[in-house]
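Undergrad: My numbering numbers the first residue of the sequence shown as -7 and each following residue consecutively.
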Amino acid sequence: MVGKIISVILTGLVVGSSVAVLVQIFLYSINFLSNIFRTDFTDLVNQQHFSINELVIKIIFFFLIIPFFVGLLVGIIRNFTKGKRWHGPPDVILSVHKDDEELNVKSGFLTSIASILSISCGSSVGQYGPLVHFGGTIGAEIKKLFSYAPDYKILVSAGVASAISAGFGAPLAGLIYAREVVLRHQSLASFSPILLSSIISYFFTVEIFEYEPSLNIPTVTGNNAINVIVIILAGIFAGLLASLYSYLLTNKNLNFLNNVGSKSYLTPAYAGVICGIVAIKFPEVTGIGSQTINDLLNNKITLNLALIFLVLKLFLTTLCLRMGLVGGIFAPALFLGASLGVVSAGLGTLLSENVNPFLIILSSMAALGSCIIGGPIANVLIVFELTSNYQAALSAGVCIVVATIVSSQLIGQSTFDQLLNNRNIDITVGRDILFLQRKKIKEIVDKNFLKIDGNISVKEAIEMFKTFQCSEAYYVGLNNKLLGKLSLPKLLSYDDDLKIKDIKKTKFLKINDDEDLSKTIQKCKDFVGESIPVVDNKGKIIGIFSENDLFVSYLEAEEFRADVETKS
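#1: Mind checking who V567 pairs with in its DSSP beta bridge?
#2: Give, in chain order, every unbroken run of the beta strand (DSSP E) that is at least 3 residues long and sits entirely within the segment 186 to 230.
#3: Report yes if the CB atom of I513 is closer than 8 Å to the CB atom of L542, and no otherwise.
#4: So who's on the other strand from E557, going by DSSP bridges?
#5: Which value, in whole angstroms, describes the spacing of the CA atoms of V143 and V556?
#6: Any idea if Y20 is buried or exposed, counting beta-carbon neighbours within 10 angstroms, 16 or more meaning buried?
#7: Leaving out five residues on either side along the sequence, give the residues of the same chain with a beta carbon under 6 Å from the beta carbon of E172.
#8: In the DSSP assignment, find the beta strand (DSSP E) that holds A465 and state where it starts and stops.
#9: Once the 5 residues before and after F519 are set aside, which same chain residues still bring their CB inside 8 Å of it?
#10: Under three-state DSSP, which class holds G422?
#11: Between the Cα of F33 and those of I49, I22 and I69, spot the shortest distance and give me the residue it belongs to.
#12: Is K491 helix, strand or coil by DSSP?
#13: Would you mind reading off the limits of the alpha helix (DSSP H) that contains L351?
#14: What do you get for Q39, buried or exposed, if any count of 16 or more other CB atoms within 10 angstroms of its CB means buried?
#15: Please determine if the segment 411 to 431 and the segment 387 to 399 are in contact, where contact requires at least 3 C-beta pairs separated by less than 8 Å.
#16: Mind checking which residues open and close the alpha helix (DSSP H) that includes L478?
#17: Measuring alpha carbon to alpha carbon, tell me which residue in L474, L475, V450 and K473 is nearest N481.
#18: Between N529 and N504, what straight-line distance do the alpha-carbon atoms span, to the nearest angstrom?
#19: Starting from K273, trace the alpha helix (DSSP H) in both directions and tell me its first and last residue.
#20: Alpha carbon to alpha carbon, how far is L442 from L547?
#21: With D445 as the anchor, note down where its beta strand (DSSP E) starts and where it stops.
#22: Using the Cα positions of S193 and G166, report the straight-line distance between them to the nearest angstrom.
#23: Please identify the residue among T259, I403, F183 and S179 whose C-alpha is closest to the C-alpha of A554.
#24: Using a 10 Å radius around the Cβ and a threshold of 16 neighbouring Cβ atoms, would you call R563 buried or exposed?
#25: For my contact list, G333 and S356 are in at a C-beta cut-off of 8 Å; report their separation, rounded to the angstrom.
#26: Hey, how far is the Cα of A385 from the Cα of S189?
#27: Using beta-carbon positions only, say whether N47 and L36 come within less than 8 Å of one another.
#28: Classify K119 as buried or exposed, calling it buried when 16 or more other Cβ atoms lie within 10 Å of its own Cβ.
#29: What would DSSP say about S485, mapped onto helix, strand or coil?
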């Protein structure tokens, strides 16, 4: 027991402090490079000491050349990652659900570097997705370095919680996010390491680095019936917009944006240029947009401008992420939610002057963000920890509930799940089914079975059945090619002198050796008999299995799930 306590404390200290420090380096790098790569167009024009030629050169440099070359660098970096794709929160979720999908450290750090570059040059992407993946990767690496540390899945989740805690200044939300969005179970064994890591990360972030969350949420007070009605309507709008946003990010019909032109590494550069052009007129919708989110939350943006921001942000974020720039989807979701909240509050004022716009905007932002990441409780806690306002958290909770009901019917639990579905991975089936999907039927076949040549007689075959003490056998030809299945009761009805090869062929169930156990169970659910043959891609029989073999494998899967999800 003492050893376990020490292990948890050391894990919390190492993971929490490491992630907190690296998150600050990540955020500092973004801020430092942003000051180099970006400038405000209006400020540039208002600088009187520039000649026209100098001004044109600077505009081309900051709004075209820098975005292009940073995007080009991002595109080149992508070719060095595993699978030549960016890694993010879906990979973190997958790593704690499938033992054969551990996080790739090299790809994790390359993705983090590319996301810093993408955000710094003004891409319309977020920082929280890269932070989550970065934190999870750090947790995974710490597990490899320290044998005393808890389970791999718990370490990854502790890293995620620490990243959320450091990014938002919300340690409890970090705990819930890691267990609700990533781990997706509430085992006692996962509670202590994750919470302790999250708290230590928060302590380092606030007390040592004196970091303050970028969201400046206004004080919201009071609530009434009309506010509740508008919040419910805002929840419906948020659920619909979240579904549209998720559709644009995940629908395969838009995959043509992934590689525009003949050279894939140039695609992010094109997206960078588009962002640069938009930044000339609407810089608010480029980059993370923290200041604009704060202005929206404080109701400093007009309804018309909020609508423009909403459309542009939706367009730009889709374009950036589809065309290979890398970043998170949560911060843009908060931007979209806050913009939608301004619109909803504006519509609410048509019903009554007693509508509290700050409450509506905050609730809408939390609701849309919740639908995208699939973390309703985590988002309520983020609101509560950032505002220390019970009323604000409850109002956000109502909006989140309504929005989640709408979006879950259209996009499922989260956009992360949809991205995994695009890779033919459905983690919603549960850990037991995922366990069965990892195992191939060829791993459990019995190679001790009765094979019968087609040239022997029925009488000789019956004697072989008696010797082998079975009721089913397999008629094989040259090189073990499966030609048919024989049943002893049926053989007894034939003439003794009849050759096996002359018996009329009947249909029978056979399974390919590359089939996983989950699909095999589905295919065998109506089977009645002693055994089922397994064949390779050339039709050669490699073995057999019985329903009992499947039953044993299913029990192993159940034991695995119970061990992970109920461990104390």
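Every residue, glycine too, gets a C-beta built ideally from N, C-alpha and C.
TA: From the atom records:
#1: This structure cannot settle anything about residue 567, because the visible part of the chain is limited to -7 through 560.
#2: none
#3: yes
#4: Bridge partners of E557: none, in fact.
#5: Strictly speaking, residue 143 in this sequence is Asp, with Val absent from that position. Distance between the alpha carbons of D143 and V556 is about 9 Å.
#6: exposed
#7: G367, I369 and A370
#8: E464 to V468
#9: L501 and E539
#10: coil
#11: I49
#12: strand
#13: P349 to I365
#14: exposed
#15: no
#16: L478 -> not in any alpha helix (DSSP H); beta strand (DSSP E) instead, spanning L474 to S479.
#17: Going by the sequence as given, residue 481 is Pro instead of Asn. Among L474, L475, V450 and K473, the Cα nearest to that of P481 belongs to V450.
#18: 7 Å
#19: T259 to K273
#20: 28 Å
#21: K443 to D445
#22: 10 Å
#23: S179
#24: Given a span of -7 to 560 for the chain in the structure shown, any question on residue 563 remains unanswerable.
#25: 3 Å
#26: Distance between the alpha carbons of A385 and S189 is about 24 Å.
#27: The identity of residue 47 in the sequence shown is Leu, whereas the question assumes Asn. Yes; because the gap between Cβ atoms is below 8 Å, this pair is in contact.
#28: Note that residue 119 is Gln in the sequence shown, not Lys. Its Cβ being crowded by 16 or more others within 10 Å, Q119 is buried.
#29: coil
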